[in-house]
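Q: Okay, here's the structure, questions in a sec.
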Amino acid sequence: MPTYLIHYSSEIGLKGHNRRDFINQLRRNIRRQHPAVTSVEHLMGRLVAESPKAEDFGDVFGVAWWAKARALPAEMGAINAAAVEAARKLAAPGKTFAIRPRRADKRFPLNSQGIGRDVGAAVVEATGMGVDLTSPDIEIFVEIAPGTAFVFAERHSGPNGFPVGMSGKLLGLYSGGIDSMLAAYLMARRGARIALVHFHVFESAAEAHAQKVGKLAAKLGRNIPGLKVHYLPYRPYHRRAADIVRRYQAYRVVAFRRFMARTAAALAQQEHAKALFSGDSLGQVASQTLENMLAVNDALAGFPIFRPLIGWTKQEIIDWGEGLGFYDLAKQPYRDGCALLAKKPSTRANLARVAEMEALLDIPSLIEETLAQIETIHY
Ligand code: ATP
Ligand code: MG
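Here's what the structure looks like:
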């Protein structure tokens with residue numbers, strides 16, 4: 007059965023007495039996200055997983071890098087033979103190689119240098135390739151753990167961070183756009199458990215779920231174990247606000263943003279989420295000026311909201327989204343509530359005027375009416 011060597015992030019490695027909790031959570035998440043995996047063992051600072059399937063552990067937060075490896079008895083004859091076999095597959099005239107040894111078990115008779123020399127000599131003899139330790143075409147990695155050696159030629163980088171489940175629970179305001187999607191990814195990568203809340207303009211959650219909002223959530227769900235999206239209708243607010251907003255044109259966006267945040271905070275409390283987060287980035291659009299974001303904070307009356315993208319440029323957000331393979335989906339058009347409202351919003355909310363409008367709307371009863379129509383989908 008194929009063996010996978012998985013190294014956890016150096017941040018996990020720096021943990022003290024609770025390192026084992028992080029590693030155990032990582033092991034649980036690996037199994038949850040990769041159900042074909044039959045075992046994940048901790049072996050002196052690395053994890054060793056077995057799975058009959060071709061696996062890609064690049065979607066598990068907390069993984070620094072992983073490799074499909076040959077697991078062998080820790081003795082030089084077997085190691086040399088496996089390294090030669092790996093090198094032969096990649097060898098070509100004129101190519102150079104390097105052996106990258108790592109000795110975790112200090113009782114092993116050869117030190118790293120000695121292992122490198124010994125394996126290197128075997129590969130030179132078998133393939134005729136030259137050694138280049140600075141910029142080789144091929145790298146063969148050898149890791150010695152107690153009793154077992156691992157040989158592999160390809161390392162894949164992981165997302166780093168902490169395993170989901172280690173940092174409490176957060177509720178994210180999720181629009182189906184790239185910003186809030188990336189915000190969720192980043193908070194999960196710090197180990198938070200994530201639920202999302204999405205306000206939609208449709209008759210049912212199923213309609214929103216069938217569109218890019220649901221497709222993106224499903225993609226996110228592969229990285230975030232336990233992800234769920236609470237769908238809330240925008241209709242109750244829209245119905246009640248239709249007349250009132252005419253008199254408060256400039257504040258309609260800010261008022262709706264405040265409403266979404268307050269509703270989300272009420273939901274967060276029900277769900278035992280300790281804070282909200284959003285995809286805001288300072289100044290990106292009219293609703294994200296400092297004044298307007300503070301107007302949203304004001305509506306939350308002290309309930310915390312994080313904005314992980316606050317200092318990011320749009321281009322950085324897009325580059326990340328593309329790198330993660332999310333952007334093509336995220337940029338697809340979508341009918342969202344905010345777009346319906348967004349005609350020349352004020353960039354500096356006058357809180358007294360907003361409060362006046364909110365009193366007419368009777369926000370607490372609107373929150374109750376909206377939450378009564380919640381539909382939750384697990385991804
Ligand atoms: P995004 O790319 O996430 O859509 P955006 O740049 O388009 O962000 P806005 O539409 O102004 O910006 O939304 C800012 C933030 O408000 C979003 O990142 C998200 O956190 C929240 N938000 C916007 N629309 C919704 C919605 N329909 N439901 C829930 N949250 C939303
Ligand atoms: Mg948007």
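Numbering (the working numbering), first residue to last: 7 to 385. From the three backbone atoms N, C-alpha and C, an ideal C-beta is built for every residue, glycine too.
Determine the direct distance from the alpha carbon of residue 144 to that of residue 123, and round the result to whole angstroms.
A: Translated into the one-based positions of the sequence shown, residue 123 becomes position 117. Translated into the one-based positions of the sequence shown, residue 144 becomes position 138. So the two alpha carbons sit approximately 16 angstroms from each other.
Q: Would you mind reading off the limits of the beta strand (DSSP E) that contains residue 327?
A: Here the question's residue 327 lines up with position 321 in the sequence shown. No beta strand (DSSP E) contains residue 327, which is instead part of the alpha helix (DSSP H) from 320-329.
Q: Please state whether the Cβ-Cβ distance between residue 363 and residue 261 is less than 7 angstroms.
A: As a working note, residue 363 is residue 357 in the sequence shown. As a working note, residue 261 is residue 255 in the sequence shown. Cβ distance < 7 angstroms, so residue 363 and residue 261 count as in contact.
Q: Would you call the CB atoms of residue 32 and residue 14 closer than 7 angstroms?
A: If you number the sequence shown from 1, residue 32 lands on position 26. If you number the sequence shown from 1, residue 14 lands on position 8. Contact: yes.
Q: Would residue 151 and residue 78 be called neighbours here (beta carbons separated by less than 7 angstroms)?
A: For the purposes of this step, residue 151 is taken as residue 145 along the sequence shown, with counting starting at 1. For the purposes of this step, residue 78 is taken as residue 72 along the sequence shown, with counting starting at 1. No, the pair does not count as a contact, with Cβ atoms beyond the cut-off.
Q: Would you kindly check if the distance between the Cβ of residue 90 and the Cβ of residue 132 is under 7 angstroms?
A: Mapped onto the sequence shown, residue 132 falls at position 126. Mapped onto the sequence shown, residue 90 falls at position 84. Yes, Cβ-Cβ distance for residue 132 and residue 90 is below 7 angstroms.
Q: Between residue 205 and the ligand ATP, is there a pair consisting of the residue's CB and a ligand heavy atom that are separated by less than 6 angstroms?
A: On the sequence shown, residue 205 is found 199 positions in, with the first residue counted as 1. Answer for residue 205: yes, Cβ within range of the ligand ATP.
Q: As a quick exercise: from 297, 315, 82, pick the residue whose alpha carbon is nearest that of residue 149.
A: Start at 1 with the first residue of the sequence shown, and residue 149 comes out as number 143. When only C-alpha atoms are compared, the closest one is 82.
Q: Per DSSP, what kind of secondary structure is residue 237 in: helix, strand or coil?
A: The residue given as residue 237 occupies position 231 in the sequence shown. Three-state DSSP puts residue 237 in a strand.
Q: How many angstroms separate the CA atom of residue 129 from the CA atom of residue 61?
A: Within the sequence shown, numbered from 1, the residue matching residue 129 stands at position 123. Within the sequence shown, numbered from 1, the residue matching residue 61 stands at position 55. Roughly 28 angstroms separates the two Cα atoms.
Q: Could you tell me the alpha carbon to alpha carbon distance between residue 186 and residue 205, rounded to whole angstroms?
A: Numbered from its first residue, the sequence shown carries residue 186 at position 180. Numbered from its first residue, the sequence shown carries residue 205 at position 199. Using only the alpha carbons, I get a separation of about 13 angstroms.
Q: Quick check on the burial criterion: 16 or more other C-beta atoms within 10 angstroms. Buried or exposed for residue 24?
A: On the sequence shown, residue 24 is found 18 positions in, with the first residue counted as 1. Classification of residue 24: exposed, given that the 10 Å Cβ count is below 16.
Q: Let me check understanding here. Comparing Cα to Cα, which of 35, 371, 378, 323 lies closest to residue 190?
A: As a first step, residue 190 must be located in the sequence shown, where it is residue number 184. Measuring from the Cα of residue 190, the nearest candidate turns out to be 323.
Q: Below 8 angstroms on the Cβ atoms is my guess for residue 376 versus residue 234; work out the distance and round it to an integer in Å.
A: As a position in the sequence shown, residue 376 is number 370, starting the count at 1. As a position in the sequence shown, residue 234 is number 228, starting the count at 1. Incorrect: roughly 18 angstroms between the Cβ atoms, too far for contact.
Q: Skipping 5 residues on each side, what residues in its chain have a beta carbon closer than 7 angstroms to that of residue 273?
A: One-based indexing of the sequence shown puts residue 273 at position 267. Answer for residue 273: 177, 203, 236, 377, listed in chain order.
Q: Taking C-alpha atoms, which residue in 49, 332, 12, 354 lies nearest to residue 228?
A: In the sequence shown, the residue the question calls residue 228 occupies position 222. Nearest of 49, 332, 12, 354 to residue 228, Cα basis: 332.
Q: Compute the distance between the beta-carbons of residue 106 and residue 118, then report whether it is under 7 angstroms.
A: As a position in the sequence shown, residue 106 is number 100, starting the count at 1. As a position in the sequence shown, residue 118 is number 112, starting the count at 1. Cβ atoms of residue 106 and residue 118: not closer than 7 angstroms.
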